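In this text, residue positions in the sequence shown follow the numbering used here: the first is 1001, and each later residue adds one.
For every residue, glycine included, the Cβ atom is placed at its ideal position computed from N, Cα and C.
Quick caveat: nothing in here was measured; it's all calculated off a predicted structure.
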Amino acid sequence: MKTKDLLKGMLMTAGLCIAVATWAQPVTTGNTTPCDPNGKDSAMTLRNYSLMHEEVRQKRYESAHHDWIYVFENAPCFREQTYADGADIYEALIKKASKDAKRKAELLDTLDLIYQRRIQYFGNEGFVKGKWGKDVLMLDRANTEKGIKLIEESIKLDSTKIESSIVLPYFQALIGLEKKGERTKDDILKVYETLTEIIDFNVKQNTEDAKLGIYASKMKLANLVENTFTVELPQLYEVGGILTFKPSYSSPRYEITNIDSIYITVNANITEEEGSDIYYLKKAWNVTQESVNIFAAPYLDCKALSAIYSPKFEADPTNIDLIEKILLFLNNARCDGEDLYIKVSEAYVKQKPSALAYRSLGNAYKKAKNGAKALENFEKAIVLETDPKVKVNDYINLAKAALVNRNYVQAKNYADKALAIDPNKGEAYILIGDAYTYAAGNCTVKIDANAIYWVAVDMYIKAKAVDSGVAGAANRRIATYSKYFPEKSKAFFHSINEGDTYTLSCWPNLSTKARF
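Spelled out as structure tokens, the structure:
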């Protein structure tokens, strides 16, 4: 009799027998019937299990197969690990039989039986069906709908227990069906919403206050370089790059130490040890969300999301759970410049004011080109912020927002406040230099309208002197604005010679060395 038929026969006669895997007497748990975990011969059960499990650990799956069959047939409720090992064994056998359709079909039938038995004897149906569905999607491409159905049953039964590794294959399978016309765009958006809620729950559960951060790594970002990111996500990890999130999880925060082009270096404090279970658990879920976002990107149209969530928000504008949910989805879709995002964020800060919330709202207003509101919210963020390093970045953001408003005096004041905390913040000097270039048009004396670029370049030189990370940005500006220095021949008529000290008669009324 074939193994497949033997196993099916045993399942038919076994009845609903569920027990915990202990080396003891038959046990009854919940709505189960007694089952002897040791089997008919406890010594043989232990011997075969031990041999099998060690072979699996060494990835010698064919060698493990014979001993596994003994335990599976004779001690089906010995240990739940028997079924996890069995799935690994049959995955390897199925891959090896890829060119033998008949053999592969038989092995797939047995794999189904392994998962059925696991549920029968050890329960945890939601969790197990998720793993089962993933295996079907990965190993039995002809039965995509079956795999999807199993995962959806898993989510329905207990979404909080599915593994992060299941999410992406499931979502990719659905997208594949949508491309074939077997699912709609709305179907994809609904599933994306469900998966995002599951991911968010799993990131936040288990030590909600665990503080994660970023180890030094380089990333390439699609958006403009800013000092504090609230929604932008890296598009490419360089080899060795490690990313986790700060306590808000959906809003990573970076301290930028290099703003040269779109390659930046990020650093932040870590309080959760790398290598801990929490670290890797949360890292896995965060990476899963990023991957899902990438595949969902073609479907995450900001107008479509606004059309879905605007009526919900208008109907219940104080529901904090709904507010957080909408912000999560809009952040993931990078819709933080949309009117809905701003409205919902305003509602959020009324209920949960924080430095991070005001900072995010300020960034949204800045993206919407409302400089005045951006400044207002960045200022509120500074009042609530307690971390000096973050406060420096807030002042930098305020300086940038002031420049957008053409308020160069205010921009310099904010940059000066950043330097008061961190004298080596090169970007602050760059912003001061930028403020001087903005002010050139206000110099009524013609020679000053060009001489102001001397003091601007002084700031760029200072920037790269204190912070090599901004050297690229500083050098580009030096090359650009040096072209606007006063012409030597015209300066001569003002009795200005190379190396003379010259004082501007217009703001910022500074003295500098003449150069041509």
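Original post:
Quick one, which of E1498, Y1299, F1493, K1350 has its alpha-carbon nearest N1319's?
Top reply: On the sequence shown, position 319 is the one that residue 1319 refers to. Closest option to N1319, judged by alpha-carbon separation, among E1498, Y1299, F1493, K1350: K1350.
**OP:** Sort out for me which residues DSSP pairs K1513 with in a bridge.
**Re:** Counted from its first residue, the sequence shown places residue 1513 at position 513. Per DSSP, T1501.
Subject >> 4 or more residues per run - each alpha helix (DSSP H) lying fully within the region 1304-1361 >> reply: 1320-1332, 1339-1351
Subject >> Alpha-carbon spacing of L1195 relative to D1085, whole angstroms >> reply: Taking the first residue of the sequence shown as 1, we reach residue 1195 at position 195. Taking the first residue of the sequence shown as 1, we reach residue 1085 at position 85. Rounded to the nearest angstrom, the two C-alpha atoms are 28 Å apart.
Original post:
Among residues of its own chain, excluding the 5 on either side of T1386, which ones have a beta-carbon nearer than 6 Å to its beta-carbon?
Top reply: Reading the sequence shown from its first residue, position 386 is the one you call residue 1386. Taken in chain order, the list of residues that qualify is empty.
**OP:** Could you pull out every residue in the same chain whose Cβ sits closer than 7 Å to the Cβ of Y1481, ignoring the five residues on either side in sequence?
**Re:** Start at 1 with the first residue of the sequence shown, and residue 1481 comes out as number 481. Apart from the 5 residues on each side of it in sequence, Y1481 sits with its Cβ closer than 7 Å to the Cβ of T1437, Y1453, A1456, V1457 in its chain, given in chain order.
Original post:
Ends of the alpha helix (DSSP H) at H1053?
Top reply: For the purposes of this step, residue 1053 is taken as residue 53 along the sequence shown, with counting starting at 1. H1053 -> alpha helix (DSSP H) spans 1042-1057.
**OP:** For the alpha helix (DSSP H) containing I1155, list its first residue and its last residue.
**Re:** Start at 1 with the first residue of the sequence shown, and residue 1155 comes out as number 155. Where I1155 is concerned, the enclosing alpha helix (DSSP H) stretches over 1144-1158.
Subject >> Three-state class that DSSP yields for Y1077 in the structure shown >> reply: Within the sequence shown, the letter at position 77 stands for residue 1077. The residue asked about is misnamed: residue 1077 is Cys in this sequence, not Tyr. It is coil, neither helix nor strand.
Original post:
Going by beta carbon distance, what residues of the same chain come within less than 6 Å of Y1395, once the five residues before and after it are set aside?
Top reply: Residue numbering aside, residue 1395 sits at position 395 when the sequence shown is read from its first letter. Closer than 6 Å at the Cβ level, and outside the excluded window around Y1395, lie Y1414, K1417, A1418.
**OP:** Quick one: grab the DSSP three-state call for C1302.
**Re:** For the purposes of this step, residue 1302 is identified with residue 302 of the sequence shown, where counting begins at 1. Helix, per DSSP.
**OP:** Tell me whether E1498 is buried or exposed, calling it buried when 16 or more other Cβ atoms sit within 10 Å of its Cβ.
**Re:** Sequence index remark: in the sequence shown, residue 1498 carries index 498 (1-based). Exposed, since its Cβ has fewer than 16 Cβ neighbours within 10 Å.
Original post:
Should E1062 go down as buried or exposed, given a rule of 16 or more other Cβ atoms within 10 Å for buried?
Top reply: Along the sequence shown, read from residue 1 onward, the residue named residue 1062 stands at position 62. With fewer than 16 other Cβ atoms within 10 Å, it is exposed.
Subject >> Completely contained alpha helix (DSSP H) runs for the region 1084-1112, where each covers 4 or more residues >> reply: none
Original post:
Start and end of the alpha helix (DSSP H) containing Y1484?
Top reply: Stepping through the sequence shown from its first residue, residue 1484 is reached at position 484. Premise fails: Y1484 is in no alpha helix (DSSP H) and is neither H nor E.
**OP:** Please confirm whether L1431 and A1411 have their CB atoms less than 8 Å apart.
**Re:** For the purposes of this step, residue 1431 is taken as residue 431 along the sequence shown, with counting starting at 1. For the purposes of this step, residue 1411 is taken as residue 411 along the sequence shown, with counting starting at 1. Yes; because the gap between Cβ atoms is below 8 Å, this pair is in contact.
Original post:
Is it true that the region 1073-1085 meets the region 1120-1132, where meeting means three or more beta-carbon pairs spaced less than 8 Å apart?
Top reply: Cβ pair count under 8 Å is three or more, so yes.
Original post:
Can you name, in chain order, every residue of its own chain whose Cβ lies under 7 Å from the Cβ of V1191, other than the five neighbours on each side?
Top reply: The residue labelled residue 1191 in the question sits at position 191 within the sequence shown. Here the set comprises F1171, L1174.
Subject >> Buried/exposed call for S1505, threshold 16 Cβ in 10 Å >> reply: Locating residue 1505 in the sequence shown gives position 505, where the first residue counts as 1. Exposed, by the Cβ-count rule.
**OP:** Using only the heavy atoms of the ligand GTP, determine whether one of them is closer than 7 Å to the beta carbon of Y1121.
**Re:** With respect to the ligand GTP, the structure shown offers nothing to examine, as it has no ligands at all.
Original post:
For A1297, which residues of its own chain have a beta-carbon under 7 Å away from its beta-carbon, when the five flanking residues on both sides are left out?
Top reply: Counting from 1 along the sequence shown, the entry for residue 1297 is found at position 297. For A1297, where only same-chain residues beyond five positions count, there are no Cβ hits under 7 Å.
Subject >> Coarse secondary structure for S1063, derived from DSSP in three states >> reply: Taking the sequence shown and counting its residues from 1, one reaches residue 1063 at position 63. Three-state result, S1063: helix.
Original post:
When DSSP labels each residue in this structure, what does W1507 get in the three-state scheme?
Top reply: The residue you call residue 1507 lines up with position 507 of the sequence shown. Note: W1507 maps to coil in three-state DSSP.
**OP:** Ignore the nearest five residues each way along the sequence and tell me which others in A1491's own chain have a CB closer than 6 Å to its CB.
**Re:** Counting from one through the sequence shown, the residue named residue 1491 turns up at place 491. So no residue of the chain qualifies.
Original post:
Looking at C-alpha atoms only, which residue of V1136, E1314, D1041, Y1309 is the closest neighbour of L1328?
Top reply: As a position in the sequence shown, residue 1328 is number 328, starting the count at 1. Out of V1136, E1314, D1041, Y1309, the CA that lies nearest to the CA of L1328 is found in Y1309.
**OP:** Identify whether R1141 lies in helix, strand or coil by the three-state DSSP scheme.
**Re:** Position 141 of the sequence shown, counted from the start, is the residue given in the question as residue 1141. Helix at R1141.
Original post:
What number of angstroms, rounded off, separates the C-alpha of K1095 from the C-alpha of N1393?
Top reply: Walking along the sequence shown from the start, residue 1095 turns up at place 95. Walking along the sequence shown from the start, residue 1393 turns up at place 393. For K1095 and N1393, the distance between alpha carbons rounds to 52 Å.
**OP:** Go ahead and label T1045 buried or exposed: buried means 16 or more other beta carbons lie within 10 angstroms of its beta carbon, across all protein chains shown.
**Re:** One-based indexing of the sequence shown puts residue 1045 at position 45. So T1045 counts as buried.
**OP:** Check whether the Cβ atoms of A1479 and D1500 sit closer than 8 Å, and answer yes or no.
**Re:** As a first step, residue 1479 must be located in the sequence shown, where it is residue number 479. As a first step, residue 1500 must be located in the sequence shown, where it is residue number 500. At a Cβ-Cβ threshold of 8 Å, A1479 and D1500 do not count as neighbours.
Subject >> DSSP three-state assignment for F1171, whether helix, strand or coil >> reply: As a working note, residue 1171 is residue 171 in the sequence shown. Reduced to three states, the DSSP call for F1171 is helix.
Original post:
Start and end of the alpha helix (DSSP H) containing V1470?
Top reply: What you label residue 1470 is simply residue 470 of the sequence shown in a count that begins at 1. Neither: V1470 is in no alpha helix (DSSP H) and is coded neither H nor E.
Original post:
Roughly how far, in whole angstroms, is the beta-carbon of L1150 from the beta-carbon of K1129, given that I think they are within contact range, below 8 Å?
Top reply: By one-based count along the sequence shown, residue 1150 stands at place 150. By one-based count along the sequence shown, residue 1129 stands at place 129. Their Cβ separation, rounded to whole angstroms, is 5 Å, which keeps L1150 and K1129 in contact under 8 Å.
Subject >> 8 Å Cβ cutoff met for A1449 and A1440 >> reply: Along the sequence shown, read from residue 1 onward, the residue named residue 1449 stands at position 449. Along the sequence shown, read from residue 1 onward, the residue named residue 1440 stands at position 440. Yes, the Cβ-Cβ distance between A1449 and A1440 is below 8 Å.
Original post:
What three-state label does DSSP hand N1124 in the structure shown?
Top reply: Residue 1124 sits at position 124 when you count from the first residue of the sequence shown. DSSP places N1124 in coil when its eight states are reduced to three.
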